[in-house]
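Peer 1: Numbering-wise (the working numbering), the sequence shown opens with residue 1414 and increments by one. Note that the Cβ used here is the ideal one computed from N, Cα and C, for glycine as well. Because the structure is a prediction, the values reported are computed rather than measured. The structure's right below; bear with me while I get my questions together.
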Amino acid sequence: MRKYIFFAGLLLCFFGMEAQPGIEKPYHKYAPAPPLGWNSWDIFGTTVTERQIKEQADAMAIHLLPSGYQYLTVDIQWYEPESKSHAYNPRAVLTMDEYGRLTPGLKKFPSAAEGKGFKPLADYVHSKGLKFGIHIMRGIPRQAVEKNTPVFGTNAKAQDIALKNSTCAWNPDMYGVDATKPEGQAYYNSIIQMYADWGVDYIKVDDISRPYDDVQKAEIEAIRKAIDKTGRPIVLSLSPGATPVKAGEHVMNHANMWRITDDFWDSWGLLHAMFERLDVWTPFRGPGHFPDADMLPIGIIDFNRPTKFTREEQYTLMSLWAIGRSPLIFGGDMTKLDDFTKQMLTNPDMLKVNQESTNNRQVYNDKNLIVWTADVPDSEDKYVALFNAQSKGDNIDLSNADYASPVIAGNGSSQEISIAVKGGKKLVLFVNDGGNGFDWDHVAWVDPVLHGPNGELKLTTLKWISATSGWGNATVDKTCEGRPLIVDGKPATGIGAHAKSVIIYELPEGYETFTTKGVVLKETGSVVFGVLVDKGKIEFRDESDVKVDFKTIGMKRKARVVDLWSHTELGVFKKRFSRALKQHSAGLYRISPVK
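If you want it as structure tokens, here you go:
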């Protein structure tokens, strides 16, 4: 994302801090504030059933609807009766009608029988005061193309509109549609009208906003026209991310929200990356069109496990999503909603920041000490969020590394490393981007071993001081996404990670040399492996002061500060306000000028 920073700066100058008000579209009124809701993916994957949706709707009506959460969305593969986990079966038989339009699988959604589709379930959700959403993949089912089903309302067949060279890299269900043809538009008109007839209020379209090629762009335009044609105020959400920033003007004028990241899970590396992503999308944020930082993986998720985020990280997550005005789509099990998670999601002051603030922007990012601010409408007050996004090792000057490899690129490419560690106190292993961006920079430190008079010691048997991974998690004997570590077709011993990564160990006495092999695990990965041996100069701070000078946010006199998470007044401050924050933690405040 770094390559977009200069571009975003130019856009800020051109557009101002929010998108031009003169380009408001009628459908922007469908979501004047970031949508609040729930989605089934994080907790149920592809497996959610009608019974589970009703249970979630019941819980949502009690716990979250009073605070404004209203969209309940059935995520992917509701048309696949045998779907399992988060995986996809390329040989699955999908449920569809005679026109090649996907319909709910009756094993999971029995009320859809006799052609009723999602109408009975949508009616149930609506009876709870909620709105009903569904996930779809762009395109037409491959199964429909194989059967060459007719396109509703035309003389065309599925093979006439399918683009077999336009497919999803991670899901086998669909072919793209040639939306430049009238029959392609007719296909989208027919499925969107069917959804509208079911009572759908929110559509999340997947495999459409990355890479944002000409086929996808035409399909976005076709879906926009199809929704408009129904006359129903359906909110349009686009996935997956990262949507390219260069598509910002197009996407903001066709969708209500769009993903700025790939799937977001409970990993600090993914959360840390969101600071830059939300910042760079600032020019395109405004009423009716919101960059989407993805669902909130907190509470009980992933088939009944608790989130891996610490409480401090959850405050960071919610504070950033609030002041960055991302849609707030909860991903946890609402039937098992704990008090802490509920209090965070329903905090009325946090929700005001998310739903009502304007001119939201990053003030500065100084070595991962970060400040955001926003205006309070019809007031001189400001909202401010302070973040300590530092991790142990952020203060290490890696330019003084004892070893840095050349750029290593391509699946299986590797570099043997041997470095003296005698007299060292700490061992720092780091991986930086190789120059083509951080996407797919999956790596492994294979067979990391210390050698010396005390013999050999596998690094994988030691507990590290700190470990960060730009995606997923640094993991012993597994890849960063938690899969078995395989190198050259064989199981390997080592540490899986993803650039940018810093792993720090205490060096035990009696060892003089460290050896390992750095391996790239993805074809498009491109990285630099580095090793730094610290002789005792590194200091680790558990907390740092994060401050905001009032003049940088347009505050010209002393001001009263209220902590919005704890609902406590902190006092009156002159010129600046600061807080000592632990690493990975945040604060959210309202600052009001006083005479």
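1. How long is the line joining the alpha carbons of G1895 and T1888, rounded to whole angstroms?
2. Give me the Cβ distance between T1720 and S1998, rounded to the nearest whole Å; I'm assuming they're in contact under 8 Å.
3. Pop quiz: N1452 and I1742 are said to be a contact at Cβ under 8 Å. What is the actual Cβ separation, rounded to whole angstroms?
4. Apart from the five residues just before and just after E1463, which ones in its own chain have a Cβ nearer than 7 Å to its Cβ?
5. Indicate whether V1564 and G1481 have their beta-carbon atoms separated by less than 9 Å.
6. Would I1711 pass as a contact of R1690 if the rule is Cβ separation under 9 Å?
7. Just grab the DSSP bridge partners of L1649 for me.
8. Could you compute how far the alpha carbon of V1941 sits from the alpha carbon of D1807?
9. Out of curiosity, what's the CA-to-CA distance linking P1448 and P1740?
10. If we ignore side chains and look at the alpha-carbon of each, how far apart do E1431 and L1543 end up?
11. Do I1489 and D1619 count as a contact pair if the criterion is CB distance below 9 Å?
12. Rounded to whole angstroms, how far is the Cβ of D1622 from the Cβ of G1654, which I believe are closer than 8 Å?
13. Output yes or no for whether 9 Å exceeds the beta carbon distance between M1509 and Y1537.
14. If A1472 sits next to T1748, beta carbons under 8 Å apart, how far is it from one beta carbon to the other, in whole angstroms?
15. What do you reckon, are the CB atoms on V1959 and I1783 nearer than 9 Å?
16. To the nearest angstrom, how far is it from the Cα of V1820 to the Cα of Q1483?
17. Could you tell me which uninterrupted beta strand (DSSP E) segments, each at least 3 residues in length, are contained entirely in the stretch 1639-1697, listed from first to last along the chain?
18. Just curious, the beta strand (DSSP E) that M1763 is in, first and last residue?
19. Thinking just about the alpha-carbon of each residue, which of S1540, V1461, K1659, T1516 is nearest to the one in L1478?
20. What number of angstroms, rounded off, separates the C-alpha of F1716 from the C-alpha of A1686?
21. By alpha-carbon positions, which one of L1750, Q1572, Y1601, I1713 ends up nearest to F1457?
22. Among H1667, W1884, P1494, E1919, which one has its Cα closest to the Cα of A1631?
23. Can you tell me whether DSSP reads S1812 as helix, strand or coil?
24. State the Cα-Cα distance for the pair D1955 and A1817, rounded to the nearest angstrom.
25. Would you decide whether R1718 is buried or exposed? Buried here means 16 or more other CB atoms lie within 10 Å of its CB.
26. Note the first and the last residue of the continuous alpha helix (DSSP H) segment covering I1736.
27. Please classify Q1629 as buried or exposed, where buried requires at least 16 neighbouring CB atoms within 10 angstroms.
28. Do V1961 and S1991 have their C-beta atoms within less than 9 Å of each other?
29. Among T1723, N1845, S1650, whose alpha-carbon lies nearest the alpha-carbon of H1548?
30. Around the C-beta of S1379, are 16 or more other C-beta atoms found within 10 angstroms, so that it is buried, or is it exposed?
31. Locate the beta strand (DSSP E) running through H1441, then write down its first and last residues.
32. Within the same chain, show all residues whose beta-carbon is closer than 7 Å to that of Q1556, passing over the 5 residues directly before and after it, in chain order.
33. Where in the stretch 1555-1583 do unbroken runs of the alpha helix (DSSP H), each at least 4 residues long, occur, reported from the N-terminal end onward?
Peer 2: Looking at the atomic coordinates:
1. 7 Å
2. Going by Cβ atoms, the distance from T1720 to S1998 rounds to 16 Å, so no, they are not a contact pair.
3. 5 Å
4. K1521, F1522, P1523, S1524, L1534
5. no
6. no
7. I1616
8. 17 Å
9. 5 Å
10. Residue placement at E1431 cannot be trusted, given a pLDDT of 45 that sits under 50; what the coordinates show is reported in the next sentence. Going by the C-alpha atoms only, they are around 30 Å apart.
11. yes
12. Per the sequence shown, residue 1622 should be read as Ser rather than Asp. Their Cβ separation, rounded to whole angstroms, is 7 Å, which keeps S1622 and G1654 in contact under 8 Å.
13. no
14. 5 Å
15. yes
16. 48 Å
17. 1648-1651, 1670-1672
18. Premise fails: M1763 lies in the alpha helix (DSSP H), 1761-1769, not in any beta strand (DSSP E).
19. S1540
20. 25 Å
21. I1713
22. H1667
23. helix
24. 28 Å
25. exposed
26. 1724-1736
27. buried
28. yes
29. S1650
30. Lying outside 1414 to 2008, the shown extent of the chain, residue 1379 is not represented and no answer is given.
31. Run containing H1441: none; DSSP gives neither H nor E here.
32. L1507, M1509
33. 1555-1560, 1571-1574
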